[in-house]
Amino acid sequence: MKIEKVMVIGAGQMGSGIAQVCAMSGYDVILHDLKDVYVERGLGTINRNLSRQVEKGKLAEQDKEAALSRLKPSTQIENAGEVDLVIEAAVENMAIKTKLFKELDGIAPAHAILASNTSSLPITEIAAATNRPEKVIGMHFMNPVPVMKLVEIIRGLATADDVYSVIEDMAKSLNKVPVEVNDFPGFVSNRVLMPMINEAVYTLYEGVASKEAIDEVMKLGMNHPMGPLTLADFIGLDTCLYIMETLQEGFGDDKYRPCPLLRKYVKAGWLGKKSGRGFYNYNQ
446 MKIEKVMVIG AGQMGSGIAQ VCAMSGYDVI LHDLKDVYVE RGLGTINRNL SRQVEKGKLA
506 EQDKEAALSR LKPSTQIENA GEVDLVIEAA VENMAIKTKL FKELDGIAPA HAILASNTSS
566 LPITEIAAAT NRPEKVIGMH FMNPVPVMKL VEIIRGLATA DDVYSVIEDM AKSLNKVPVE
626 VNDFPGFVSN RVLMPMINEA VYTLYEGVAS KEAIDEVMKL GMNHPMGPLT LADFIGLDTC
686 LYIMETLQEG FGDDKYRPCP LLRKYVKAGW LGKKSGRGFY NYNQ
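Just so we're aligned: the sequence shown equals residues 446 to 729 in our numbering.
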């Protein structure tokens, strides 16, 4: 099977990034969201990203225009009826995802593959909402998508080998490095990363050191490009909390218990960079 046309569902930071790399790699892309304003915002982000690359001499103007010409806006889910692959990058919520996949299953062509960019939710459960579980797979891109090389490709219990091969080849065509992962809560990336961030929050909560000191230790001592508390602010503290809750529920193990300070910040609306305040203040 050859993938030529892709629908990306969700025009936020992740979805617009996925749509951008697909369009730059020669795929026809439908960027879909619930409202025109969301889609236009996503297309605007892509335009700005590509324009910056042109200014830096990393991309030719004609290549930018060619990529933009391959992008089509959508607010009608029925447009999934003309694609070979759907990549869902909607909100990280199982009820929303299963409802969406059930709907897509009734619209997308029989040959179409349905992929989810979920960062922690089980692909097997998402696939069970469809009548094509063998054609459902996880494609977990890293943020920011145009820069980060990794794509975790997650097999559900029923994912067919040929479907995996098609998605692996497609990820390589996007100039990404695909890594095969089995369907466990948090996969590899977030199963390792989120407990580290959570432990950093506990270290702050218990008064072991200041937030600046904790981040400095991990940057200078472990050669991390940014400290775990800064990284949590960039990811979004609500996202970090949700993934920790998913890990705790999925494994039934208290070692994944979210730190009370993380819960408190989320309840206060201190969600990190996107809200202007998390562990650090971004309004200054």
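Beta carbons are placed, not taken as given, at the ideal position from N, Cα and C, and that holds for glycine.
DSSP, read as helix, strand or coil, puts VAL626 in strand.
DSSP links LEU595 through a beta bridge to VAL622. DSSP, reduced to helix, strand and coil, places LEU686 within a helical segment of the structure shown. Three or more Cβ pairs closer than 8 angstroms define a contact, and the segment 459-476 falls short of that threshold against the segment 603-612. VAL626 and VAL637 have their C-alpha atoms some 13 angstroms from each other. Look at PHE724 here: in three-state DSSP terms it is coil, with no helix or strand label. Under the 10 Å beta carbon count, MET663 is surrounded by 16 or more other beta carbons and is classified as buried. In this structure, GLY723 sits near ASP678, with a CB-CB distance shorter than 8 angstroms. Taking a contact to require three or more Cβ pairs closer than 8 angstroms, the segment 546-554 and the segment 463-474 do not qualify as touching. With contacts defined as CB atoms closer than 8 angstroms, ILE568 and ILE532 fail to qualify as a contacting pair. Cβ neighbours of GLU449 within its own chain (closer than 8 angstroms, five residues either side excluded): TYR472, ASP473, ASP529.
Sixteen is the threshold: when 16 or more other Cβ atoms of the shown chains lie within 10 Å of the Cβ of ARG577, as they do, the residue is buried. Residue state for GLU537 is assigned as coil, using DSSP reduced to three classes.
Between GLY714 and SER720, the alpha-carbon positions lie close to 7 angstroms from each other. Here ALA505 carries a coil assignment [DSSP, helix/strand/coil].
Per DSSP, reduced to three states, the secondary structure at SER655 is coil, with no helix or strand assignment.
Taken in chain order, the complete alpha helix (DSSP H) segments of 4 residues or longer contained in the segment 658-713 are 673-680, 682-696, 705-712.
ASN643 counts as buried, since no fewer than 16 other beta carbons sit within 10 angstroms of its beta carbon.
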